[in-house]
Amino acid sequence: MKKQIAILGSTGSIGTQALDVISQHPDLFEVYCLTANNQVELLAEQAHKYNPDAVVIANEAHYDRLKELLADCPDIKVYAGAKALDDVVEASPIDIVLTAMVGFAGLSPTIHAIKAHKKIALANKETLVVAGELICQLANEYHTPIIPVDSEHSAIFQSLAGEGDNGVEKILLTASGGPFRKMSMAEIQNVTKADALRHPTWDMGAKITIDSATMMNKGFEVIEAKWLFGIPADRIQVLVHPQSIVHSAVQFVDGSIKAQLGVPDMRMPIQYAFTYPDRIYLNGERLDPFKQTLEFFEPDLEKFRCLALAFEAIKLGGNACCVMNAANEIVNRAFLEDRCSFPKIAEIIEKTMQTATFIQKPTLEQYFNSDKEARQIAASLL
């Protein structure tokens, strides 16, 4: 039988590539549900093409427009709002929920999907950044598998496959270094939004591209790896690898290293999450090892302060990562809207972390309260 897939964030970079994977294998996969936040026209276009059972537009202001665009598809159920996202992932036919929406908004529907025993293809890294301990507890309690979709975490997951209880010495988490890798501290002071959006190797959405430029995205991935693989942060080493060919690696206790290599194409980890433990054909570019130079460098934590802040948040524990994420979402958006300079991003995040209420053992409700408080603090600092 075809696997029924719900895509949370179908109009974003991961969501559109997931639909391409599904298009390549219509005998194996079927779209059950598509969701978006604001891109109502594209969501309607996708719904016409893939004929899902339901669509959800998170921003309720676009509900009437979506209904209008899908008036010729009476069999497609149309919903709106955050609660609709929580409800739709619980639908009994769904086999896999791809969490491809960006930011804190992915937390609640992911929790609902876990409790509904849906296999999670995790592309929303903020879910584990904000509430990693809680998510892991719920996944164990409800026996819900979480398969990583981020290229780095998929690479680690693939490198660990078949290793059983063999000891891991450390995780080698690769980073492209972003567009400012070769710039000096002085040069970075005056970079623009256009500069930051020119990523050298990956084609991603604006928010993640800015996070890559600050290297906050890599900080998030360190936190995510800690929870996904149960490895302390001091055994996760970030390697700047400009070619983005080695997607990450694992070093075992005997000193051997296993890595996963490939061209920068997110469709591979998406498909692997859908088919694990099987591999099936994917149409796309192949890596030519004769044409690639592989380089690795240590990250500059002074120049990329956001990465250092992520390690500090991990050490603090509690709600510190939640606070950091909320502040980052505020300043990331402000930078994209020309309301914040690039150097101010890390400065405001750090001040927010110092100001917000620290909670050592937060409940789910306290995570939501911490997110709200941190956003208010960061906004006031702008």
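Residue numbers (the numbering used here): 426 to 807. Glycine residues also receive a C-beta, built at the ideal position from the N, C-alpha and C atoms. Fair warning: this is a prediction, and the values are worked out from it, not measured in the lab.
Open item on the list: Does Tyr504 come out as helix, strand or coil in the three-state DSSP assignment?
Closed with: strand
Task: Beta-carbon separation (whole angstroms), Ile545 vs Val522, contact threshold 8 Å - done: 6 Å
- [ ] Over the uninterrupted beta strand (DSSP E) stretch that includes Lys544, give me the two end residues.
- [x] Segment Lys544 to Leu547, the beta strand (DSSP E) holding Lys544.
- [ ] To the nearest angstrom, report how far apart Glu588 and Val574 are at their CA atoms.
- [x] Near 20 Å, if we compare the C-alpha coordinates of Val574 and Glu588.
TODO: Determine, using beta carbons only, whether Phe529 and Asn750 come nearer to each other than 8 Å.
DONE: yes
- [ ] To the nearest angstrom, report how far apart His672 and Gln662 are at their CA atoms.
- [x] 13 Å
TODO: Measure from the alpha carbon of Pro711 to the alpha carbon of each residue in Leu585, Leu726, Pro689 and Leu719, then state which is nearest.
DONE: First, the amino acid is wrong: residue 711 is Arg here, not Pro. For Arg711, the nearest C-alpha among the options comes from Pro689.
Task: Span of the beta strand (DSSP E) around Cys458 - done: Note, Cys458: beta strand (DSSP E), Phe454 to Ala461.
Task: Euclidean distance between Cα positions of Val748 and Ser766 - done: 20 Å
- [ ] Please name the residue, chosen from Ile802, Leu468, Ile560 and Thr780, that lies closest to Lys651 on a Cα-to-Cα basis.
- [x] Closest by alpha carbon: Ile560.
Open item on the list: Check for me: the alpha helix (DSSP H) holding Ser805 runs from which residue to which?
Closed with: Leu789 to Leu806
Task: Chain-order list of residues whose beta-carbon lies under 6 Å from that of Asp520 (same chain, five-residue window excluded) - done: Lys428 and Gln429
Task: Whole-Å CB distance - Gln449 paired with Asn708, under 8 Å assumed - done: 6 Å
TODO: Could you give the DSSP three-state label for Ser576: helix, strand or coil?
DONE: helix
Open item on the list: For Asn635 and Leu761, which I take to be in contact (beta-carbon distance under 8 Å), what is that distance rounded to the nearest angstrom?
Closed with: A small correction: the amino acid at residue 635 is Ile; Asn does not occupy that position in the sequence shown. Indeed they touch by this definition, with Cβ atoms about 6 Å apart.
TODO: Can you say whether Ile705 is buried or exposed, counting buried as having 16 or more other CB atoms within 10 angstroms of its CB?
DONE: Exposed, because fewer than 16 other Cβ atoms sit within 10 Å of the Cβ of Ile705.
Open item on the list: By DSSP's criteria, Gln662 is part of a beta bridge. Which residues make up the other side?
Closed with: Leu597
TODO: Could you say which of Thr436, Asp763, Asp478 and Thr639 lies nearest to Gln471 if we only look at CA atoms?
DONE: Thr436
TODO: Could you check the C-alpha separation between Lys786 and Ile739 for me, to the nearest Å?
DONE: 14 Å
Open item on the list: Does Ala611 pass the burial test, meaning 16 or more other C-beta atoms within 10 Å, or should it be called exposed?
Closed with: A residue is called buried when at least 16 other Cβ atoms come within 10 angstroms of its Cβ; Ala611 does not meet this threshold and is exposed.
- [ ] Check Val554 in the structure and name its three-state DSSP category.
- [x] helix
Open item on the list: Going by beta-carbon coordinates alone, are Gly644 and Leu726 separated by less than 8 Å?
Closed with: no
TODO: Could you tell me the distance, in whole angstroms, from the CA atom of Met641 to the CA atom of Gly506?
DONE: 29 Å
- [ ] Could you give the DSSP three-state label for Thr782: helix, strand or coil?
- [x] coil
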